[in-house]
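Enquirer: Sharing a structure here in structure tokens format.
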DNA sequence: ATTCATAGACCGACCGGTCGGTTTATAACG
DNA sequence: CGTTATAAACCGACCGGTCGGTCTATGAAT
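Protein chains in written order, with the working numbering: chain W, 468 to 669; chain C, 468 to 669.
Here you go:
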């Protein structure tokens, strides 16, 4: 027999290509980036890229998994099972801010994926699943707070979505450099505004 | 004498082209829509469109003014000078919801403009000016509420931005069909959550 | 141990087609 | 007739994708 297929190497190469693609996409947008741009950015040849991905669409499909990965947020959920509701929320917010900072450069790509999602049912479904996992996570923390009498009786789903709106809204305004204030501060204070309204006075 | 330049007619034609462009862009995106698509949608010829706009970029530039028009929001400001702070806010929210419903079909175009704005300084400046006018408006209402003792002492700028985040966040989730609840209800309740926290108890 | 055969990994010139934009022809109207 | 307005044919640049070919790791045969 001849040379064996090196699965580990395939994964490494695909990662190399995806990373180059995200960088290029962040710079010039999904449609504005040609395969030749990705070729240049990756340091590989066009033939190599088409060896691993049979089309630009397939490449983008793979890239989507990096952005809409419910598994990752589920892992966060596992950590949110100790402490008061407020402490759990603080942990969640801390994680979110950390993640946002890490992804800042690629935020325009995510925003563009939202646009595509509004036209493409398949992508919209991925975004929806991701959204639902996140909301469910926050919702469970709010529910816990209501049960432990930290929060007054509220609709946990609605509150969870509202907090998510603050998070996504802050990220949007931040990526457009609309606010003069610090992104982390604005996000924390925005969420606290909501929490102030549902906290039970001592 | 030459035929008189019919300014009214030019404006009508331009509007016809812009309207067709927005419709086409909403369907297939800015880059994904060719000039020929716009030609088809408008019912005019390519020559006609290039008679009124000398490039696709110039067309998009004109289109931007429809989406980032500070004058329009300023008009709303003029109406928000009577009643209690809460009544003024209610007026503002009502106007926002009405506007969102009207623009629903074109929301993906706006979202796409945000993406472009994150890469294009000129467009970002337009978005920023629009944002600032809106925030200033909301902020003045909050300030009024603080002065009239309806609201407790809060940072009006921060609260205004938070409300805007709820608005934009709801619009985003709505356009992606992420929420199962009604968009208007979610938006109102999200904002009320914030207001509950800053209202002075009677 | 050396040679050979095979298939995975990779390269870059090239192709058909589409794009934004231009030019040319013609109609409408003063 | 000259000007304004519109339509249609056309252009070069560029795009996604292909394809013939090269290189290299590895098992089989000698």
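Idealized CB from N, CA, C, for every residue including glycine.
1) Under 8 angstroms between C-beta atoms, does residue 582/W make it to chain C?
2) Check the Cβ-Cβ distances between residue 598/C and every residue of chain W, and say whether any is below 8 angstroms.
3) Using a beta-carbon distance below 8 angstroms, is residue 637/C in contact with chain W?
4) Do you know how far the Cα of residue 560/C is from the Cα of residue 570/C?
5) Looking only at its own chain, which residues have a Cβ that is under 6 angstroms from the Cβ of residue 618/C, when we skip the five neighbours before and after it?
6) Taking DSSP's pairing of strands, which residues face residue 679/W in a bridge?
7) Please state if the CB of residue 623/W and the CB of residue 609/W are separated by a distance shorter than 8 angstroms.
8) For the structure I just gave you, are there three or more beta carbon pairs, one from the region 587 to 604 of chain W and one from the region 592 to 605 of chain C, closer than 8 angstroms?
9) Taking Cβ-Cβ distances below 8 angstroms as the criterion, which residues of the region 638 to 656 of chain W are in contact with chain C?
10) For a contact defined as C-beta to C-beta under 8 angstroms, what are the partners of residue 522/W on chain C?
11) Using C-beta distances below 8 angstroms, list every residue in its chain close to residue 469/C, excluding the 5 sequence neighbours before and after it, in chain order.
12) So, at 7 angstroms on beta carbons, what are the nonlocal neighbours of residue 558/C in its own chain, with the 5 sequence-adjacent residues on each side left out?
13) Verify the CB distance criterion: does residue 578/C have a CB-CB separation below 8 angstroms to chain W?
14) Please work out which residues of its chain come closer than 8 angstroms, Cβ to Cβ, to residue 526/C, disregarding the five sequence neighbours upstream and downstream, and give them in chain order.
15) Check the C-beta distance from residue 636/C over to residue 635/W and give it rounded, since I have them as a contact under 8 angstroms.
16) Keeping to the same chain, check which residues put their C-beta closer than 7 angstroms to that of residue 544/C; ignore five residues upstream and five downstream.
17) What residue from 584/C, 647/C, 563/C and 497/C has the CA that sits closest to residue 645/W's CA?
18) Distance, Cα to Cα, residue 491/W vs residue 507/W?
19) Under the three-state reduction of DSSP, which class applies to residue 640/C: helix, strand or coil?
20) I need the straight-line Cα distance from residue 474/W to residue 530/W, nearest angstrom please.
21) Exposed or buried, what is residue 578/C when buried is set at 16 or more other beta-carbons lying within 10 Å of its beta-carbon?
22) Can you tell me the Cα-Cα spacing of residue 471/C and residue 514/C, whole angstroms?
23) Thinking C-beta only, is residue 581/C closer than 8 angstroms to residue 643/W?
24) Quick one: Cα of residue 661/W to Cα of residue 495/C, how far?
25) Quick one: what does DSSP say residue 521/C is sitting in, helix, strand or coil?
26) Taking the alpha carbon of residue 668/C as the point to measure from, which residue in 649/C, 518/C and 620/C has its own alpha carbon closest?
27) Out of 533/W, 592/W and 615/W, state which residue places its alpha-carbon closest to the alpha-carbon of residue 576/W.
28) Please return the same chain residues whose Cβ sits closer than 6 angstroms to the Cβ of residue 555/C, not counting the five positions on each side in sequence.
29) Mind checking residue 615/W: buried by the 16 CB within 10 Å criterion, or exposed?
30) Please say whether residue 630/C and residue 658/C have beta carbons closer to each other than 8 angstroms?
31) Are any of the Cβ atoms in chain W nearer than 8 angstroms to that of residue 489/C?
32) Taking 8 angstroms as the threshold (beta carbon to beta carbon), is residue 605/W in contact with chain C?
33) Using a Cβ-Cβ cut-off of 8 angstroms, state whether residue 486/C counts as contacting chain W.
34) Cβ closer than 9 angstroms: which chain C residues qualify as neighbours of residue 625/W?
35) How close, in whole Å, do the beta carbons of residue 679/W and residue 638/W come, if the pair is a contact with beta carbons under 8 angstroms?
36) Could you give the first and the last residue of the continuous alpha helix (DSSP H) run that contains residue 571/W?
Expert: From the atom records:
1) Position 115 of the first chain, counted from the start, is the residue given in the question as residue 582/W. With 8 angstroms as the cut-off, residue 582/W counts as an interface residue toward chain C.
2) Indexing the second chain from 1 puts residue 598/C at position 131. Chain W contact via Cβ: present.
3) As a position in the second chain, residue 637/C is number 170, starting the count at 1. Interface residue, yes.
4) Counted from its first residue, the second chain places residue 570/C at position 103. Counted from its first residue, the second chain places residue 560/C at position 93. If I take the Cα positions, the gap works out to 15 angstroms.
5) Counted from its first residue, the second chain places residue 618/C at position 151. If we look at residue 618/C and ignore the five residues flanking it on each side, its Cβ neighbours are 612 and 665.
6) No information on residue 679/W is available, as it lies outside the stretch 468 to 669 that chain W covers here.
7) By 1-based counting over the first chain, the position of residue 609/W is 142. By 1-based counting over the first chain, the position of residue 623/W is 156. Cβ atoms of residue 609/W and residue 623/W: closer than 8 angstroms.
8) no
9) 639, 640, 642, 643, 644, 645, 646, 648, 653 and 656
10) As a position in the first chain, residue 522/W is number 55, starting the count at 1. Within 8 angstroms Cβ-Cβ: nothing; residue 522/W doesn't reach chain C, min ~16 angstroms.
11) By 1-based counting over the second chain, the position of residue 469/C is 2. Caution is warranted here: a pLDDT of 30 is assigned to residue 469/C, below 50, making its placement in the model unreliable, and the coordinate value is therefore given only provisionally. If we look at residue 469/C and ignore the five residues flanking it on each side, it has no Cβ neighbours.
12) For the purposes of this step, residue 558/C is identified with residue 91 of the second chain, where counting begins at 1. Once the five neighbours on either side are set aside, the close Cβ partners of residue 558/C are 546 and 547.
13) Here residue 578/C is taken as the residue at index 111 of the second chain, counted from 1. Yes, its Cβ sits closer than 8 angstroms to a Cβ of chain W.
14) For this step, residue 526/C is matched to residue 59 along the second chain. Closer than 8 angstroms at Cβ, skipping near neighbours: 484, 485, 488, 505, 516 and 520.
15) Within the second chain, the letter at position 169 stands for residue 636/C. Within the first chain, the letter at position 168 stands for residue 635/W. Their Cβ separation, rounded to whole angstroms, is 5 angstroms, which keeps residue 636/C and residue 635/W in contact under 8 angstroms.
16) To locate residue 544/C, count along the second chain from 1; it is residue 77. Within the same chain, residue 544/C has close Cβ partners 604.
17) Position 178 of the first chain, counted from the first residue, corresponds to residue 645/W. Per the Cα distances, 584/C.
18) Within the first chain, the letter at position 24 stands for residue 491/W. Within the first chain, the letter at position 40 stands for residue 507/W. The alpha-carbon atoms of residue 491/W and residue 507/W are separated by roughly 9 angstroms.
19) Counted from its first residue, the second chain places residue 640/C at position 173. Here residue 640/C sits in helix by DSSP.
20) Here residue 474/W refers to the residue found at position 7 of the first chain. Here residue 530/W refers to the residue found at position 63 of the first chain. The straight-line gap from Cα to Cα measures roughly 19 angstroms.
21) Here residue 578/C is taken as the residue at index 111 of the second chain, counted from 1. By the neighbour-count rule (16 or more Cβ atoms within 10 Å), residue 578/C is buried.
22) Taking the second chain and counting its residues from 1, one reaches residue 471/C at position 4. Taking the second chain and counting its residues from 1, one reaches residue 514/C at position 47. The pLDDT assigned to residue 471/C is 42, lower than 50, so where the model puts this residue is not dependable; a value taken from the coordinates is nonetheless given after this. Computed Cα separation, rounded: 21 angstroms.
23) On the first chain, position 176 is the one that residue 643/W refers to. On the second chain, position 114 is the one that residue 581/C refers to. Result yes, Cβ atoms of residue 643/W and residue 581/C sit closer than 8 angstroms.
24) The sequence position of residue 661/W within the first chain is 194, counting from 1. The sequence position of residue 495/C within the second chain is 28, counting from 1. Straight-line Cα distance between these residues: approximately 37 angstroms.
25) If you number the second chain from 1, residue 521/C lands on position 54. Coil.
26) Your numbering for residue 668/C matches position 201 in the second chain. It is 620/C whose Cα lies nearest to the Cα of residue 668/C.
27) Along the first chain, one-based indexing puts residue 576/W at 109. The shortest Cα separation from residue 576/W among 533/W, 592/W and 615/W belongs to 533/W.
28) The residue you call residue 555/C lines up with position 88 of the second chain. 547 and 608, listed in sequence order.
29) Here the question's residue 615/W lines up with position 148 in the first chain. It counts as exposed.
30) By 1-based counting over the second chain, the position of residue 658/C is 191. By 1-based counting over the second chain, the position of residue 630/C is 163. Yes; because the gap between Cβ atoms is below 8 angstroms, this pair is in contact.
31) Within the second chain, the letter at position 22 stands for residue 489/C. Output row for residue 489/C: interface = no.
32) Within the first chain, the letter at position 138 stands for residue 605/W. Not an interface residue.
33) Here residue 486/C corresponds to residue number 19 of the second chain, with the count starting at 1. So, not an interface residue.
34) Counted from its first residue, the first chain places residue 625/W at position 158. Near residue 625/W (Cβ distances below 9 angstroms), the residues of chain C are 648, 652, 653, 656, 657 and 660.
35) Because chain W spans 468 through 669 in this model, residue 679/W falls outside it and cannot be assessed.
36) Looking up residue 571/W in the first chain gives position 104. Element bounds for residue 571/W: n/a, residue is neither H nor E.
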